[in-house]
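Q:
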Amino acid sequence: NVVQTDNNVEYLTKGFKGEENTRYGTLFVDYRNDIKNFDTNTIIYGHNMRNGTMFADLHKYKDPSYWADHRYVYFDTLTEYHTYEIFSVFVTTADLTKGFTYHIYDTFPMEADFNKYVSTCKNMDLYETGVKPVYGEKLLTLSTCDKTVEDGRLVVVARRVV
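Take a look at the structure:
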């Protein structure tokens with residue numbers, strides 16, 4: 004289950020139904036995304052839980068053999084169902100002065116912006132997937148914490164195929 008509200012902080016500490024849940028939070032879509040029309044890049048955030056819930060499984064994508072066996076992710080809403088193919092897995096920092104600010108790209112006003120975003124993702128890849136989106140395709144970005152760098156983020160980015 005994924006939620007959305009008017010900010011990117013509330014569901015870091017609240018459960019799916021809005022109940023206070025300071026340890027776990029819930030998966031949530033970036034507040035800037037239009038989930039009814041799917042922006043060019045829909046961003047979903049979630050904690051990496053030690054108990055294996057939420058986005059803990061994203062860390063398995065650090066292994067290229069796991070990606071090879073699980074290269075598709077599925078995201079459906081109340082009205083739509085979509086399949087996405089993962090094209091990039093990378094680690095960055097949430098420090099805006101040091102890391103890749105992937106989370107500010109919910110739309111791409113021009114083709115050059117889209118291509119720059121995709122190229123940056125590909126340049127940061129932990130391994131080559133051989134998949135490269137083209138302008139006009141919708142993207143899905145999944146983001147969770149990563150302890151391998153200070154204030155780290157593991158990011159898995161996919162292109163819509165269905």
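If you use my numbering, the sequence shown corresponds to residues 4 to 165, in order. Glycine included, C-beta positions come from ideal geometry on N, C-alpha and C. Since we're looking at a predicted model, the values are computed, not measured.
Measure the C-alpha to C-alpha separation of Ala161 and Ser91 and round it to an integer number of angstroms.
A: Residue numbering aside, residue 161 sits at position 158 when the sequence shown is read from its first letter. Residue numbering aside, residue 91 sits at position 88 when the sequence shown is read from its first letter. Rounded to the nearest angstrom, the two C-alpha atoms are 7 Å apart.
Q: Suppose contacts are defined by Cβ-Cβ distances below 8 Å. Is Thr1 in contact with Asp9 by that definition?
A: With the chain represented from 4 up to 165, any question about residue 1 goes unanswered, as that position is not in the structure.
Q: From the DSSP secondary-structure annotation, give me the bridge partner or partners of Gly102.
A: For this step, residue 102 is matched to residue 99 along the sequence shown. According to DSSP, which records beta bridges pairwise, Gly102 is partnered with nothing at all.
Q: Hey, Thr144 and Val158: beta-carbon distance below 8 Å or not?
A: Locating residue 144 in the sequence shown gives position 141, where the first residue counts as 1. Locating residue 158 in the sequence shown gives position 155, where the first residue counts as 1. Yes. Within cutoff.
Q: Assuming Tyr48 and Ser146 form a contact by the criterion Cβ under 8 Å, report the distance between their Cβ atoms to the nearest whole angstrom.
A: Taking the sequence shown and counting its residues from 1, one reaches residue 48 at position 45. Taking the sequence shown and counting its residues from 1, one reaches residue 146 at position 143. That pair is a contact at about 5 Å.
Q: To which residues of the same chain is Lys17 closer than 8 Å at the C-beta, ignoring the five residues directly before and after it?
A: Locating residue 17 in the sequence shown gives position 14, counting from the first residue. Excluding sequence neighbours, Lys17 sits near Glu23, Asn24, Gly28, Thr29.
Q: Taking all protein chains shown into account, do 16 or more other C-beta atoms lie within 10 angstroms of the C-beta of Asp79, making it buried, or fewer, making it exposed?
A: Along the sequence shown, read from residue 1 onward, the residue named residue 79 stands at position 76. Asp79 should be labelled exposed.
Q: Would you decide whether Arg53 is buried or exposed? Buried here means 16 or more other CB atoms lie within 10 Å of its CB.
A: Position 50 of the sequence shown, counting from 1, holds the residue named residue 53. Exposed, since its Cβ has fewer than 16 Cβ neighbours within 10 Å.
Q: Give me the residue from Tyr108, Gly55, Val134 with the minimum Cα distance to Thr45.
A: Here the question's residue 45 lines up with position 42 in the sequence shown. With distances taken between Cα atoms, Thr45 lies closest to Tyr108.
Q: Suppose only complete runs of 4+ residues qualify. What are the alpha helix (DSSP H) ranges in the stretch 81-163, listed by chain order?
A: Correct list: 114-126.
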